[in-house]
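Residue numbers (full-length UniProt numbering), protein chains in the order written: chain P, 1 to 296; chain A, 1 to 249.
Right, one structure below, let's go through it.
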């Protein structure tokens, strides 16, 4: 039971990251590799600040700001220097590896100070792993609320329009460059915030902890879409949370079946590939089924 | 009467096959308020480039464009969009597929205006949008339909409504009926003509359709290799037959 609760707790925290990823991948239609660098950036920033005596909240706020700066770098390369989207993200991600090493001073660092967001506000009095669930729900509720409000403003609609149809958006006078900056920066800010939270939950930061994070985030988004297709935007964000938990539960089951933990990234990639292929498989299955019925 | 739009010595040069090629080659054009100008020309004649130059999507190599006597040659697309709207040939280019019909109309209602950090007023505008679409069988009662679920004709009708919902000083129609089936194309063309007359819009319409070119508009221009080779007023145009136009292609 503890394992399931721990898994659900992780699902909630990682869902925050997936919501950040959703902004670039789904709203802006921008395949942003920056997250593999901004996620550990948030983690190392938070750990370093807490180790230097700053509060966990300040650490998360600074992680969020640093994530925004990482997003700014990618958006600048993409919009101003006309570097292709994938390459711009990869360049920032690569550069952030050195930045993260500089911040941390070494490849990884444990969080030795008791100052931790998961131990505050009475969360430490909750049963084991429930602090992650409660904190995850609170942060998701806040981010979802703010995101939905923003997307329902004139500026938010302009961001959606930019991702949906840039030519149309530009012809309506929308400054699509600014909208891309907003989307990519906020997305990476949320991803870095999650990095800071995961580091506090796990009790350490590692410069390599971003590897595969994009697959985890995308899996949550895709599983949510497969389970709940054609839902309004506000519900879509909730489906990401469900997708994140389902993904973690699938991983847990796979590992319980005795797979080697070294194969975790391979398993993650296979799960995502299956989820992405599911609509095609489903369509082909139904087509074959219909053809079979007709031939009878 | 002062022209609404003046294009003086417009040249657009591109580098192609190791040589400079003038897509627009010294275009001079004056468009007066309430003009409905039809532009004809073969593929590569420079029609879409001319529209791009007017909207600011593509800047001129040399020459100037004036709107209401103001030089807008260096103004970008966003600034010009306040006054100039455009309907594209491809129905997919004019709308946002993941937004509903009403959301698209709301977006277009603020064409050229700053997008502020304030809540959009969708509900306040629903009655206005219902009124706008009530006589259009293709869009009536579809305000809450996602645009990606609409047919090409429905999307193009929506694109047209988006272009005129906030009255533009100049409406540009870039072969906006070309991608539709004959019946839908005719219906949209009838709607276009009706709205232009009722709202007294100034319009520049690019088309390949000779019948449309003769039937609609009060002026006809033929472009060839980046130059205006024919410019007819309403009287001259009314005497034209499709056969007469074929020699320019």
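Even for Gly, the Cβ is constructed at its ideal location relative to N, Cα and C.
Remember, it's a predicted structure, so these values are computed and weren't measured experimentally.
Partner residues in the beta bridge of residue 228 of chain A, as assigned by DSSP, are A:223. With fewer than 16 other CB atoms across the displayed protein chains lying within 10 angstroms of its CB, residue 203 of chain P is exposed. A straight line joining the alpha-carbon of residue 164 of chain P with that of residue 181 of chain A spans about 26 Å.
Residue 178 of chain A is outside the set of residues whose beta carbon lies under 9 Å from a beta carbon in chain P. Going by DSSP, residue 43 of chain P is part of the alpha helix (DSSP H) stretching over 35 to 51. Chain P places a beta carbon closer than 9 Å to that of residue 112 of chain A, counting this residue as a contact.
If you check the CB distance, residue 75 of chain P and residue 196 of chain P do not come in under 9 Å. Taking C-beta atoms as the reference points, residue 223 of chain A and residue 171 of chain A fail to come closer than 9 Å. Within the stretch 132 to 185 of chain A, the complete beta strand (DSSP E) segments of 3 residues or longer fall at 170 to 174, listed in chain order. Only residues of its own chain outside the window of five on either side were considered, and among them 203, 204 have a CB closer than 7 Å to the CB of residue 110 of chain P, listed in chain order.
DSSP lists A:36, A:171 as the bridge partner or partners of residue 203 of chain A.
Residue contact with chain A for residue 75 of chain P: absent (no Cβ-Cβ distance below 9 Å to any residue of chain A). Between the alpha carbons of residue 109 of chain A and residue 237 of chain P lies a gap of roughly 28 Å. Between residue 289 of chain P and residue 281 of chain P, the alpha-carbon positions lie close to 12 Å from each other.
In this structure residue 49 of chain A does not touch residue 86 of chain A by the C-beta definition: roughly 13 Å separates them, more than the 8 Å allowed. Within the stretch 186 to 209 of chain A, not one residue has a Cβ closer than 7 Å to any Cβ of chain P. With respect to residue 219 of chain A, residue 234 of chain A sits close: the two C-beta atoms are nearer than 9 Å.
Per DSSP, residue 103 of chain A lies in no beta strand (DSSP E); the unbroken alpha helix (DSSP H) holding it starts and ends at 101 to 109. Contact annotation: in the stretch 60 to 82 of chain A, residues whose CB is within less than 7 Å of a CB in chain P are 77, 78, 81, 82. Here DSSP, grouped into helix, strand and coil, assigns residue 119 of chain P to helix. Judged by DSSP secondary structure, residue 15 of chain A falls within the beta strand (DSSP E) whose first and last residues are 5 to 16. Non-local beta-carbon contacts of residue 269 of chain P in its own chain, meaning distances under 7 Å to residues more than five positions away in sequence, involve 215 in chain order. Straight-line spacing of the CA atoms in residue 120 of chain A and residue 246 of chain P works out to 35 Å.
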